[in-house]
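Have a look at the structure below, then the notes.
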Amino acid sequence: MSRPGIACFSNLDYGLLRYRKQHLMDRLASRLPVLYVNPPRAIKSRDLLTAVRWRQPIEGLTVFEPPVLPGVRTRPRLQRLNYRLIASRLAGWCARHDPFVLWIYSPHALPFVDLLRPDLVVYDVADLYATPGGPSLRDRNEAREVARLAELEAALLHRADLVLAVSEPLVERLGEQGVRAHLVPNGSDWTRYATYVPPPRQGRPRLGFVGAIAPRVNVDLIAEVARRRPGWDIVLVGPVSTAVDALAELPNVRLTGEVPYDAVPGVISAFDVCLLPLHEIPFAYCSSPIQVYDYLAAGRPVVSTPVAQLERLPEVVRTARGANAFVEAIEQALDEEAGAADARRAFARANSWDARVETILALLQERLPALAAAA
Numbered sequence: 006m007s008r009p010g011i012a013c014f015s016n017l018d019y020g021l022l023r024y025r026k027q028h029l030m031d032r033l034a035s036r037l038p039v040l041y042v043n044p045p046r047a048i049k050s051r052d053l054l055t056a057v058r059w060r061q062p063i064e065g066l067t068v069f070e071p072p073v074l075p076g077v078r079t080r081p082r083l084q085r086l087n088y089r090l091i092a093s094r095l096a097g098w099c100a101r102h103d104p105f106v107l108w109i110y111s112p113h114a115l116p117f118v119d120l121l122r123p124d125l126v127v128y129d130v131a132d133l134y135a136t137p138g139g140p141s142l143r144d145r146n147e148a149r150e151v152a153r154l155a156e157l158e159a160a161l162l163h164r165a166d167l168v169l170a171v172s173e174p175l176v177e178r179l180g181e182q183g184v185r186a187h188l189v190p191n192g193s194d195w196t197r198y199a200t201y202v203p204p205p206r207q208g209r210p211r212l213g214f215v216g217a218i219a220p221r222v223n224v225d226l227i228a229e230v231a232r233r234r235p236g237w238d239i240v241l242v243g244p245v246s247t248a249v250d251a252l253a254e255l256p257n258v259r260l261t262g263e264v265p266y267d268a269v270p271g272v273i274s275a276f277d278v279c280l281l282p283l284h285e286i287p288f289a290y291c292s293s294p295i296q297v298y299d300y301l302a303a304g305r306p307v308v309s310t311p312v313a314q315l316e317r318l319p320e321v322v323r324t325a326r327g328a329n330a331f332v333e334a335i336e337q338a339l340d341e342e343a344g345a346a347d348a349r350r351a352f353a354r355a356n357s358w359d360a361r362v363e364t365i366l367a368l369l370q371e372r373l374p375a376l377a378a379a380a
């Protein structure tokens, strides 16, 4: 007897850092079978036949590594052939799951709506995709890619049966396009932090950021804070994919690189203040920063540059624009009264990933009643 299932086309490899895609699909997999399709990646031709295509990292969730034919990025006809090849590999899984939901994160997966013919199409808008992710476009190729992404997204929005959006500004932007989107922010894996007790402050204040140090991160702001307060130590934890030259000569700034996922709660709990220093660009303003939910789950004070979703939470997050205000907000956080941590932890518990999944399941079941019994 076939069971309902979800085929998720992600724009992030399952094995990378834990983001929205992995958190939601892991939890949905405890209720329904989930097929997680990694984004196609160029691999060496000798691995085309020998690469491991299917694996099951957790119960209920299967990861599929799609085959990539050489030259697909520059040859549209070959790209269409590659899409058909991927669909043929997935056809058996889809046939065993009735009804099946096609869950899309990247507009580039639009062709699979026709190739796989799902019973329901979900487009989960986790970022403001059709805009630069850094402070500016780097070259013409990036500009063309953003324009192409906008075209694909417009088409996908008209094919989707259910549209989710990670933040209020995204819901509003989609509404202006005549699309009804349901707000499902990111969430907290708060149980991972429940046993951690922050150590008492000893000596110099310790400020920290955890996450990908990507073009959206305002390295110049971090450098300015470090110069103005040489008595503060600033620790940046995560993989680096942008220029960090501005930090090179600052003795009170340290970049650790990526740390194991299981070590993150201990790292965050050791910070006196947690930071979210982003460039003031639409991509960042419309986001729903996962690390802030982790900061709050640890009970730590948070100071962020303006992000719409965080500006709505003054009781648990301080937002500040510019170096002067950012330094002042950090000083306030360092001097806050004891007891504020309890409100932050309570917020994280109320905004868990499990709660997000319950919201999502209710929306799915409205559109596919057959899911109610299976989930």
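Our numbering puts the first residue of the sequence shown at 6, with every later residue one more than the last. The beta carbon of each residue, even a glycine, is placed where N, CA and C say it ideally should be. None of the values given here were measured: they were computed from a predicted structure.
Does residue i come out as helix, strand or coil in the three-state DSSP assignment?
{"i": "Trp195", "result": "helix"}
{"i": "Gly216", "result": "coil"}
{"i": "Gly253", "result": "The amino acid occupying residue 253 in the given sequence is Ala; Gly does not appear at that position. Coil, per DSSP."}
{"i": "Val168", "result": "strand"}
{"i": "Arg25", "result": "helix"}
{"i": "Phe276", "result": "coil"}
{"i": "Ala186", "result": "strand"}
{"i": "Leu2", "result": "As displayed, the chain neither begins before 6 nor continues past 380, which places residue 2 out of reach and without an answer."}
{"i": "Thr200", "result": "coil"}
{"i": "Arg206", "result": "coil"}
{"i": "Arg82", "result": "helix"}
{"i": "Glu229", "result": "helix"}
{"i": "Asp340", "result": "coil"}
{"i": "Ala375", "result": "helix"}
{"i": "Val245", "result": "strand"}
{"i": "Ser93", "result": "helix"}
{"i": "Arg149", "result": "helix"}
Comparing C-alpha positions only, which one of the options sits nearest to residue i?
{"i": "Asn16", "options": "Asn43, Arg32, Val39, Arg36", "result": "Asn43"}
{"i": "Glu400", "options": "Gly138, Leu133, Glu173, Pro140", "result": "Residue 400 lies beyond the range of the chain shown here (6 to 380); nothing can be said about it."}
{"i": "Pro374", "options": "Thr67, Gln337, Leu74, Val106", "result": "Val106"}
{"i": "Asn329", "options": "Ile227, Gly76, Val245", "result": "Ile227"}
{"i": "Gln84", "options": "Leu339, Pro71, Ile11", "result": "Pro71"}
{"i": "Arg206", "options": "Asp277, Ala170, Val176", "result": "Asp277"}
{"i": "Arg354", "options": "Ser111, Arg372, Pro306, Ala302", "result": "Ala302"}
{"i": "Val215", "options": "Val269, Pro174, Ala231, Arg221", "result": "Val269"}
{"i": "Phe288", "options": "Leu252, Ile273, Val168, Asn223", "result": "Asn223"}
{"i": "Leu149", "options": "Thr136, Ala160, Pro140", "result": "The amino acid occupying residue 149 in the given sequence is Arg; Leu does not appear at that position. The residue with the shortest Cα to Cα distance from Arg149 is Thr136."}
{"i": "Ala96", "options": "Leu86, Thr79, Pro123, Arg80", "result": "Pro123"}
{"i": "Ala346", "options": "Leu339, Tyr110, Arg58, Pro306", "result": "Pro306"}
{"i": "Leu5", "options": "Pro112, Gly208, Asn146", "result": "Since the first residue of the chain shown is 6 and the last is 380, residue 5 is not available in this structure."}
{"i": "Trp195", "options": "Ala343, Asp129, Asn356, Gly20", "result": "Asn356"}
Please list the terminal residues of the continuous alpha helix (DSSP H) segment that includes residue i.
{"i": "Ile295", "result": "295-302"}
{"i": "Asp129", "result": "Where Asp129 is concerned, there is no enclosing alpha helix (DSSP H), although the beta strand (DSSP E) it sits in stretches over 125-130."}
{"i": "Phe288", "result": "287-290"}
{"i": "Pro116", "result": "116-121"}
{"i": "Arg354", "result": "345-355"}
With a threshold of 6 Å on Cβ separation, who are the neighbours of residue i within its own chain once the five nearest residues in sequence on each side are excluded?
{"i": "Arg25", "result": "Ala131, Asn191"}
{"i": "Lys49", "result": "Unreliable placement is indicated for Lys49, whose pLDDT of 45 sits below 50; the coordinate value is still reported in the next sentence. If we look at Lys49 and ignore the five residues flanking it on each side, it has no Cβ neighbours."}
{"i": "Ala45", "result": "Note that residue 45 corresponds to Pro in the displayed sequence, not to Ala. So the list reads Pro71, Val73, once near-sequence residues are dropped."}
{"i": "Ser293", "result": "Val171, Ser172, Pro190, Asn191, Gln314"}
{"i": "Leu162", "result": "Val184"}
{"i": "Pro116", "result": "Tyr88"}
{"i": "Gln296", "result": "Val215, Gly216"}
{"i": "Ser274", "result": "Tyr201, Pro203, Ala303"}
{"i": "Trp98", "result": "Leu40"}
{"i": "Arg211", "result": "Asp238, Phe276, Asp277"}
{"i": "Arg197", "result": "Pro270"}
Would you verify that the beta carbon of residue i is, or is not, closer than 8 Å to some beta carbon of chain D?
{"i": "Leu90", "result": "The chain labelled as chain D is not found in the depicted structure, where only one protein chain is given."}
Apart from the five residues on each side of it in sequence, which residues of its chain come closer than 7 Å, Cβ to Cβ, to residue i?
{"i": "Arg23", "result": "Tyr266"}
{"i": "Gly65", "result": "Ala34, Ser35, Pro38, Val39"}
{"i": "Asp359", "result": "Arg32"}
{"i": "Glu229", "result": "Ala328"}
{"i": "Ala114", "result": "Phe14"}
{"i": "His102", "result": "Ser7, Arg8, Pro9, Gly10, Pro38"}
{"i": "Arg372", "result": "Leu125, Asp166, Leu167"}
{"i": "Ala92", "result": "Phe117, Leu120, Leu121"}
{"i": "Arg51", "result": "Confidence is the limiting factor: at Arg51 the pLDDT is only 46, short of 50, which leaves the residue's position unreliable, though a coordinate-based value still follows. Same-chain partners within the cutoff: there are none."}
{"i": "Val77", "result": "Leu83, Gln84, Asn87"}
Return the first residue and the last residue of the beta strand (DSSP E) that residue i is part of.
{"i": "Trp108", "result": "105-109"}
{"i": "Arg60", "result": "59-63"}
{"i": "Tyr41", "result": "39-42"}
{"i": "Val362", "result": "Here Val362 belongs to no beta strand (DSSP E); instead the alpha helix (DSSP H) covers 358-372."}
{"i": "Leu315", "result": "Segment 313-316 is the alpha helix (DSSP H) holding Leu315; no beta strand (DSSP E) there."}
{"i": "Ala12", "result": "10-14"}
{"i": "Arg259", "result": "258-262"}
If you drop the 5 nearest sequence neighbours on each side, which residues of the same chain put their C-beta closer than 8 Å to that of residue i?
{"i": "Arg326", "result": "Glu285, Thr310, Pro311"}
{"i": "Glu386", "result": "Nothing can be reported for residue 386: it is not among the residues displayed for the chain, which extend from 6 to 380."}
**Message:** Counting beta carbon pairs with one atom in the stretch 178-190 and one in the stretch 252-264, are three or more of them shorter than 8 Å?
**Reply:** The stretch 252-264 and the stretch 178-190 do not touch, with fewer than 3 CB-CB distances between them shorter than 8 Å.
**Prompt:** Does the stretch 235-252 touch the stretch 315-322, meaning 3 or more C-beta pairs lie closer than 8 Å?
**Reply:** no
**Sufficient close CB pairs (3 or more, under 8 Å) joining the stretch 356-370 to the stretch 198-210** = no
**Request:** Specify whether the stretch 300-316 and the stretch 272-286 touch according to this definition: at least 3 beta carbon pairs, one from each stretch, less than 8 Å apart.
**Result:** yes
**Message:** If contact is defined by three or more beta carbon pairs under 8 Å, each pair taking one atom from either stretch, is the stretch 239-249 in contact with the stretch 171-182?
**Reply:** no
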